[in-house]
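Okay, structure first, notes after.
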Amino acid sequence: LIHSIFPPMVAKDLIRRQTRQTLQVSQSGRDFGLGHMSLGKSVAQMHHEVTILFTDIVGFTAMSQTVAPQQVMEFLHKLFVRFDELVG
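Numbering-wise (my numbering), the sequence shown opens with residue 60 and increments by one.
Right under this line is the structure:
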């Protein structure tokens, strides 16, 4: 399941961390209710020529509840292709 959600590098790191933390919990005999979660750590990689766009699309929630999922995806695709054209 984790491989279907995350990029391969992130999935491998998360599995490695979970395995290590499971071993630590089992050796200590303690579990503080955190399960196998690793808090305060991040997996970061450098990516060149990448822009992150945060956007609030007015009326998106209402629109997405009234049209077919395929139409929502087509709308988003066209919108972000247009953004790419503007900054490219």
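All C-beta atoms, glycine included, are put in the ideal place defined by N, C-alpha and C.
By how many angstroms is the C-alpha of F139 removed from the C-alpha of L145? Within the sequence shown, residue 145 is the residue found at index 86, counting from 1. Within the sequence shown, residue 139 is the residue found at index 80, counting from 1. The straight-line gap from Cα to Cα measures roughly 10 Å.
Three-state secondary structure (DSSP) at F113? Numbered from its first residue, the sequence shown carries residue 113 at position 54. In the structure shown, F113 sits in coil (DSSP, three-state: anything other than H, G, I, E or B).
Following the continuous alpha helix (DSSP H) through V126, name the residue where it begins and the one where it ends. The residue you call residue 126 lines up with position 67 of the sequence shown. No residue range can be given for V126, since it is assigned to no alpha helix (DSSP H) and is classified by DSSP as neither H nor E.
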